[in-house]
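Novice: Chains as they are written, first to last, in this note's numbering: chain A, 2 to 139; chain B, 175 to 688. Yeah, the Cβ is synthetic: ideal placement off N, Cα and C, and Gly gets one too. Quick caveat, the model's predicted, so the values are computed rather than measured.
#1: Would you identify the three-state DSSP class for residue 531 of chain B, choosing helix, strand or coil?
#2: Going by CA-CA distance only, name the one from B:367, B:215 and B:229 that's closest to residue 12 of chain A.
#3: What whole-angstrom Cβ distance do residue 535 of chain B and residue 401 of chain B have, given they're in contact under 8 Å?
#4: When you compare only the Cα positions, how much space is there between residue 354 of chain B and residue 134 of chain A?
#5: Following the continuous alpha helix (DSSP H) through residue 557 of chain B, name the residue where it begins and the one where it ends.
#6: For residue 373 of chain B, write down the residues that DSSP places opposite it in a beta bridge.
#7: Assign residue 770 of chain B to one of three DSSP states: helix, strand, or coil.
#8: Shorter than 8 Å from the beta carbon of residue 79 of chain A to some beta carbon of chain B?
#9: Have a look at residue 602 of chain B and residue 388 of chain B and give me their C-alpha separation to the nearest angstrom.
#10: For a contact meaning CB atoms closer than 7 Å, what does residue 479 of chain B contact in chain A?
#11: For a test of the three-state rule: what should DSSP assign to residue 29 of chain A, helix, strand or coil?
#12: Quick one: which chain A residues come within Cβ less than 7 Å of residue 690 of chain B?
#13: For residue 420 of chain B, which of helix, strand or coil comes out of DSSP?
#14: Can you pull the chain B neighbours of residue 41 of chain A, defined as C-beta to C-beta under 7 Å?
#15: Let me see if you follow: with CB-CB separation under 8 Å, is residue 46 of chain A close to chain B or not?
#16: At least one CB of chain A closer than 8 Å to the CB of residue 343 of chain B: is that the case?
#17: Would residue 411 of chain B pass as a contact of residue 462 of chain B if the rule is Cβ separation under 8 Å?
#18: For a cutoff of 8 Å on Cβ pairs, would you count residue 462 of chain B as touching chain A?
#19: Which residue from B:666, B:377, B:647 and B:667 puts its Cα closest to that of residue 26 of chain A?
#20: Bridge partners of residue 24 of chain A, per DSSP?
#21: So, is the C-beta of residue 598 of chain B closer than 8 Å to a C-beta in chain D?
#22: May I ask which residues mark the beginning and end of the alpha helix (DSSP H) holding residue 640 of chain B?
#23: What's the call for residue 285 of chain B, buried or exposed, on a 16-neighbour Cβ count within 10 Å?
#24: For a cutoff of 8 Å on Cβ pairs, would you count residue 136 of chain A as touching chain B?
#25: Using a beta-carbon distance below 8 Å, is residue 28 of chain A in contact with chain B?
#26: Any C-beta of chain A within less than 8 Å: which residues of the region 398–411 of chain B qualify?
#27: Taking the alpha helix (DSSP H) that residue 584 of chain B falls in, what are its first and last residues?
#28: At least one CB of chain B closer than 8 Å to the CB of residue 52 of chain A: is that the case?
#29: Measuring CA to CA, which of B:538, B:432, B:660 and B:663 is closest to residue 322 of chain B?
#30: Let me see if you follow: with CB-CB separation under 8 Å, is residue 379 of chain B close to chain A or not?
#31: Between residue 237 of chain B and residue 521 of chain B, what straight-line distance do the alpha-carbon atoms span, to the nearest angstrom?
#32: Within 8 Å of any Cβ in chain A, is that where the Cβ of residue 175 of chain B sits?
#33: In this structure, how does DSSP classify residue 103 of chain A when only helix, strand and coil are distinguished?
#34: Does the beta carbon of residue 21 of chain A come closer than 8 Å to any beta carbon on chain B?
#35: Measure the alpha-carbon distance for residue 456 of chain B versus residue 507 of chain B and round it to whole angstroms.
#36: Listed in chain order, which residues of the region 101–121 of chain A have Cβ atoms closer than 8 Å to some Cβ of chain B?
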């Protein structure tokens, strides 16, 4: 599966290289390196595919979705909320969602932790380092 | 040979210069601010080393924005302190929990944890700290002697030479890494492709920006590093459910005292580990993990009773720790004098200097002597601070191991978000971090290492620039790469590494199919 993805990426990069001037060895255009690297990636993907073909089949184990979903939701909420609702709503949403990535919540301890981390983060990055983010709202 | 003669000459004849430079360095490194940032760096490094699942590279990337408003010397002192401090801290977790706090400490688990099981945790912690200090200090001496000579030599390097050295660094990083060399090479290639994103410096055209203005300056290095290493590592830990267990250990001063036999076994292992680590550290594309594993293998080979290894042999703890600390310090030699990072962490260090408009390379020692010698002197200060932090204060680090992972990881993810955002005040970078986190997690799950990708990403633009320049100067004649001795030598080594890697992969594949 990774070999297929790498091969597709290689083909995409090489084809995209054609949108630019390729040039010559003396005066390379912006498309030269994408073309070379794309072809290199395809070649390596073929070698990987051949190696995988000759070795035992890869065992695919079931992927627990809970950590992926909650960590993903936490980081995406920070990305979506930071410029609209401000630092504290974005940070608290991220901390809350990420905490849910593990089962068996310790609600009191985790709420306390969220507040301490968010306030310390605000002090360090916004007050001390001057990162321009409003605490609430855009 | 040339190097050894040059170093000897330098040592015998120019020792006054070296002493003056060192004195300049100590003037810089012993200012209250420098001491404070050095202490901050080594303490943070030890914390990161002790706590499994955070990672040195993530922490260094996280601290990059903190250095934006700092003097470059103070920033580099802090970032370097995190790097070598983590090597000290990593061994504590390996010895007490059988869980490597950082990758280079993985091999220390083998005999370190056995020593703990035999009630010798105190001795194991004591000898690793002393071995780490000796390994680190020896490599610093090497840096003082070698770096200026290498820098003088590198002034005459052409674009073709630089291209060949970078090619070797990339090939070595992928083929010498633990795991499949082919997978490592693929990740290097992917890193080179990611390095293409942004504005082409010659034509001014946007490449692979897909209409996102935020990508015009290329992918943010910190977003890529924190995604590939920070987010991906946390996801791997959570998905595997293999989380570090709590520990309740008490280490007293009395328990740290080694026996006479321990001391006898210590010196040989420490010397071999230090020498091997220093040599490996200077090579491009290697790093402390390879140094530690090689030192362990060497000890087992030279041991009178190899069967003792894996059952609590003191040499199995001392040699890898001396080697990984020596390699960490020695890795600064090519990074600072050639501007070519040997591994992913060094690549981020270079990123930290570039943010301040300082380009590491042969001119750095002459143009910024305060920076270069200040950093070298700070290494010693940092190693002495680590000695203090790791021996009398060992109990504090042991207590740190009782912080539950469920409390730790949301806070680390929060720091990753705000850390990435603060570099360019861009929420788009946070999105990129998440995407790279998923990509890194997925590739790691299939056995593809992330470190070669990051090295490829950092070296990619430099590689392209030197390749173009070399061919422009040679009127497109590809023979220019084999006409210069330096470039020819590095290309031959690269070819040997490549062929060996491909042949060994094919043999392995054939053997498995049979």
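Specialist: Result, derived from the coordinates:
#1: coil
#2: B:367
#3: Residue 535 of chain B to residue 401 of chain B, Cβ: 28 Å. No contact.
#4: 44 Å
#5: 543–564
#6: B:380
#7: The displayed coordinates of chain B run from 175 to 688. Any statement about residue 770 of chain B would go beyond what the structure contains.
#8: yes
#9: 7 Å
#10: None at all; the shortest Cβ gap to chain A is about 36 Å.
#11: strand
#12: This structure cannot speak to residue 690 of chain B, because chain B is shown only from 175 to 688.
#13: Any reading at residue 420 of chain B must be qualified, since the residue scores a pLDDT of 48, below 50, and its modelled position is unreliable; the value itself is stated next. Note: residue 420 of chain B maps to coil in three-state DSSP.
#14: 363
#15: yes
#16: no
#17: no
#18: no
#19: B:647
#20: A:29
#21: Although the question refers to chain D, the structure presented lacks it and instead comprises the protein chains A and B.
#22: 625–647
#23: buried
#24: no
#25: yes
#26: 405, 408 and 409
#27: 579–598
#28: yes
#29: B:538
#30: yes
#31: 14 Å
#32: With a pLDDT of 47 at residue 175 of chain B, under the threshold of 50, the predicted position of this residue should be treated as unreliable, and no value is reported.
#33: coil
#34: yes
#35: 6 Å
#36: 102, 103, 107, 110, 111, 114, 115, 118 and 119
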